[in-house]
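Just so you know, we're using the working numbering here: the sequence shown kicks off at 3 and counts up by one.
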Amino acid sequence: MPARSPLRGEAKLAAALAAFAVSVQGRAALDVGASSGGFTRVLLAAGARIVYAVDVGHGQLLGSLRQDPRVVNLEGTNVARLNAQLIPDAIDVVAVDVSYLSLTAAVQQLDRIRLAQGADLIGLVKPMFELRLAAAPTDAASVARAAEHAAAGITAAGWAVVGSIHSPTLGARGAPEMLLHGRRP
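Okay, structure coming up:
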């Protein structure tokens, strides 16, 4: 069997789970912005019981993940359309990696699903989308401003922001990104 090639998001989420000491073992997880499934693969490898893989696009999730019985493929689903019928489990871990939408806007949509008490949120802050810029900024001040904006939005949505790290890899446009850790009270 050939070795699997890493997906862009894998190193980012793996670093965040390690830095924030978030256990996924036996927990129900939600991957918002699943795309090809990098975050989903990390969540499964970390022991997630089930992963709801949500993406507005179609046909992006890897075939191996589509066939994995632990993955519920919700392609063609906007985060704003999530509800308890689509996601009947209480979610313990939420991982968010969205484009063309701010992390703040995505997290505000999560009130339509059941979130477990003490649920963990790992959100990727992409300064271009968080600050609604025409191009991806590479300066430290913009990255810090984007992280502050996202943290304020996460807090306003009912989460406590308990940690942040710089992403170990640059974004697709070569811009630095950050990961925030939120916890549901």
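Where a beta carbon is used, it is the ideal one built from N, C-alpha and C, also for glycine.
Inset, instruction - Starting from HIS60, follow its DSSP beta bridges and name the residues at the other end. - result: The count along the sequence shown starts at 1 and reaches residue 60 at position 58. In DSSP, HIS60 forms no bridge with anything.
Inset, instruction - Give the DSSP-derived three-state secondary structure of GLN119 in the structure shown. - result: Numbered from 1 along the sequence shown, position 117 holds the residue referred to as residue 119. DSSP places GLN119 in strand when its eight states are reduced to three.
Legend entry - Delimiting residues of the alpha helix (DSSP H) encompassing LEU172: The sequence position of residue 172 within the sequence shown is 170, counting from 1. Run containing LEU172: none; DSSP gives neither H nor E here.
Inset, instruction - For the region 5 to 88, list the alpha helix (DSSP H) runs that are entirely contained and at least 4 residues long, ordered along the chain. - result: 10 to 22, 40 to 47, 65 to 68
Legend entry - Run of the beta strand (DSSP E) containing ALA97, from where it starts to where it stops: Here residue 97 is taken as the residue at index 95 of the sequence shown, counted from 1. Its beta strand (DSSP E) spans residues 93 to 98.
Inset, instruction - Pick out whichever of THR79, LEU84, GLY78, VAL53 has its Cα sitting closest to the Cα of GLN69. - result: Working through the sequence shown from its first residue, we reach residue 69 at position 67. GLN69 has its Cα closest to that of VAL53, out of THR79, LEU84, GLY78, VAL53.
Legend entry - N-terminal and C-terminal residue of the alpha helix (DSSP H) that ARG147 is part of: By one-based count along the sequence shown, residue 147 stands at place 145. According to the DSSP assignment, ARG147 belongs to the alpha helix (DSSP H) that extends over 142 to 158.
Legend entry - Residue range of the unbroken beta strand (DSSP E) whose run includes LEU105: For the purposes of this step, residue 105 is identified with residue 103 of the sequence shown, where counting begins at 1. Counting along the chain, LEU105 falls outside any beta strand (DSSP E), though it belongs to the alpha helix (DSSP H) covering 105 to 110.
Inset, instruction - Pick out whichever of VAL164, ALA159, ALA36, VAL145 has its Cα sitting closest to the Cα of GLY176. - result: Position 174 of the sequence shown holds residue 176. GLY176 has its Cα closest to that of VAL145, out of VAL164, ALA159, ALA36, VAL145.
Legend entry - Nearest candidate by alpha-carbon position, reference ALA108, set MET130, ARG116, VAL98: As a working note, residue 108 is residue 106 in the sequence shown. Checked all of MET130, ARG116, VAL98; the closest Cα to ALA108 is VAL98.
Inset, instruction - Indicate whether ARG147 and LEU126 have their beta-carbon atoms separated by less than 8 angstroms. - result: Residue mapping note: residue 147 aligns to position 145 of the sequence shown, counting from 1. Residue mapping note: residue 126 aligns to position 124 of the sequence shown, counting from 1. Contact flag unset, no.
Legend entry - ALA142 to ALA16 span [Cα, whole Å]: Here residue 142 is taken as the residue at index 140 of the sequence shown, counted from 1. Here residue 16 is taken as the residue at index 14 of the sequence shown, counted from 1. When rounded, the distance between both Cα atoms is 23 angstroms.
Inset, instruction - Measure from the alpha carbon of ALA30 to the alpha carbon of each residue in ALA174, VAL81, ASP94, ILE89, then state which is nearest. - result: Start at 1 with the first residue of the sequence shown, and residue 30 comes out as number 28. Measuring from the Cα of ALA30, the nearest candidate turns out to be ASP94.
Inset, instruction - Would you identify the three-state DSSP class for ARG114, choosing helix, strand or coil? - result: As a working mapping, residue 114 is identified with position 112 in the sequence shown. Of the three classes helix, strand and coil, the one that applies to ARG114 here is helix, per DSSP.
Inset, instruction - Can you tell me the Cβ-Cβ gap for ILE89 and ILE124, rounded? I've got them flagged as a contact below 8 angstroms. - result: As a first step, residue 89 must be located in the sequence shown, where it is residue number 87. As a first step, residue 124 must be located in the sequence shown, where it is residue number 122. About 17 angstroms separates the two Cβ atoms, so there is no contact after all.
Legend entry - Proximity to PRO187 [Cα-Cα], best of GLY120, ALA153, GLN27, GLU179: Walking along the sequence shown from the start, residue 187 turns up at place 185. Per the Cα distances, GLY120.
Inset, instruction - Would you kindly work out how many angstroms separate the C-alpha atoms of ALA106 and ILE156, rounded to a whole number? - result: By 1-based counting over the sequence shown, the position of residue 106 is 104. By 1-based counting over the sequence shown, the position of residue 156 is 154. Note on residue identity: the sequence assigns Thr, not Ala, to residue 106. Rounded to whole angstroms, THR106 to ILE156 spans 6 angstroms at the Cα level.
Legend entry - Cβ of ARG51 within 8 angstroms of any chain B Cβ: Of the protein chains in this structure there is only one, and it is not chain B.
Inset, instruction - Return yes when at least one heavy atom of the ligand MG lies under 7 angstroms from the C-beta of GLY35, else no. - result: As for the ligand MG, it is missing from this structure, which has no ligand bound.
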